[in-house]
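In the numbering used here, the protein residues as written are 402 to 540. All residues carry an ideal CB built from backbone N, CA and C; glycine is no exception. Everything numeric in this text was worked out from a predicted model, so none of it was measured. Report on one structure; see the data block that follows.
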Amino acid sequence: ALEWHLKTMEVNSRDDWNVGNVGWCYQKLGDFTKALEYHLKAHEINTQDSWNERQIGWCNFILGNLEEARFYLERSEDLGKNGVVMLMLAHVYWCLGQKEKSVNYYQESILLAPDEETFLKDYDSDWSLVKKHGINEKE
402 ALEWHLKTME VNSRDDWNVG NVGWCYQKLG DFTKALEYHL KAHEINTQDS WNERQIGWCN
462 FILGNLEEAR FYLERSEDLG KNGVVMLMLA HVYWCLGQKE KSVNYYQESI LLAPDEETFL
522 KDYDSDWSLV KKHGINEKE
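So this is what it looks like as structure tokens:
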């Protein structure tokens, strides 16, 4: 998929959807620095794309840029409507030491999740990333 999206960029480098998908491919390959680069390019083309803002926020979180992560996730149009965005923000606030705010976002994320099992699966899949920022189970 990455090769196809890169070839498509050669034809039209201003297609924000395609540029964002290059970023997504790099995310899936674990190259979050390169992913962030492409999501930011897509954001320059279309500043109204909530999906790219969410990806910029998440890549920044993984890379340890917590304030940047907070900034982009809070800008996301999906804020308050999408449980995944709320979960991401909860992680960011927890890692920033703002536990009360993080609890509020975790609660919202639970309410917006399709069901408890989905929330727990998403939370568990993010746990290693949260721990990377110095959070431990005792907190």
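Find the nearest neighbour of residue 488 within the set 504, 412 and 536, judged by alpha-carbon distance. Mapped onto the sequence shown, residue 488 falls at position 87. Residue nearest to residue 488 within the set 504, 412 and 536 is 504 (criterion: CA-CA distance).
So within the stretch 403 to 468, which uninterrupted alpha helix (DSSP H) runs reach at least 4 residues, ignoring any that extend past its ends? Within the stretch 403 to 468, the complete alpha helix (DSSP H) segments at least 4 residues long are 403 to 412, 417 to 429, 433 to 446 and 451 to 464, listed from N- to C-terminus.
Cβ contact check for the stretch 439 to 455 and the stretch 492 to 512: 3 or more pairs under 8 Å: Touching, no, given that fewer than three Cβ pairs across the two stretches are closer than 8 Å.
Quick check on residue 470: does DSSP put it in helix, strand or coil? Residue 470 sits at position 69 when you count from the first residue of the sequence shown. For residue 470, the three-state secondary structure derived from DSSP is helix.
Is the separation between the beta-carbon of residue 446 and that of residue 415 shorter than 8 Å? Translated into positions along the sequence shown, residue 446 becomes position 45. Translated into positions along the sequence shown, residue 415 becomes position 14. Yes; because the gap between Cβ atoms is below 8 Å, this pair is in contact.
Where does residue 529 sit, in a helix, a strand or coil, going by DSSP? Locating residue 529 in the sequence shown gives position 128, counting from the first residue. The three-state reading of DSSP puts residue 529 in helix, counting H, G and I together.
First and last residue of the uninterrupted alpha helix (DSSP H) at residue 483: Your numbering for residue 483 matches position 82 in the sequence shown. It is not in any alpha helix (DSSP H) - residue 483 carries neither H nor E in the DSSP assignment.
Where does the unbroken alpha helix (DSSP H) through residue 508 begin, and where does it stop? Taking the first residue of the sequence shown as 1, we reach residue 508 at position 107. Residue 508 -> alpha helix (DSSP H) spans 500 to 513.
Do you know offhand how far residue 491's Cα is from residue 433's? Sequence index remark: in the sequence shown, residue 491 carries index 90 (1-based). Sequence index remark: in the sequence shown, residue 433 carries index 32 (1-based). C-alpha separation (whole angstroms): 20 Å.
Please list, in chain order, all residues of the same chain as residue 451 whose beta carbon is under 7 Å from its beta carbon, the five residues on each side excluded. As a first step, residue 451 must be located in the sequence shown, where it is residue number 50. For residue 451, same chain residues with a beta-carbon under 7 Å away, outside a window of 5 residues either side, are 477, 478 and 479 in chain order.
Using 8 Å for Cβ pairs, my map puts residue 428 next to residue 460. What's the rounded Cβ distance? Position 27 of the sequence shown, counting from 1, holds the residue named residue 428. Position 59 of the sequence shown, counting from 1, holds the residue named residue 460. Between residue 428 and residue 460, the beta carbon gap of about 7 Å places them in contact (Cβ cut-off 8 Å).
How is residue 523 classed by DSSP in three states: helix, strand or coil? For the purposes of this step, residue 523 is taken as the residue at position 122 of the sequence shown. Three-state DSSP puts residue 523 in a helix.
Give me, in chain order, the residues of the same chain whose beta-carbon lies closer than 8 Å to that of residue 530; leave out the 5 immediate sequence neighbours on both sides. Stepping through the sequence shown from its first residue, residue 530 is reached at position 129. The residues are 462, 463 and 492.
Going by CA-CA distance only, name the one from 524, 409, 437 and 412 that's closest to residue 484. Against the sequence shown, residue 484 aligns to sequence position 83. Taking only the C-alpha atoms, the option nearest residue 484 is 524.
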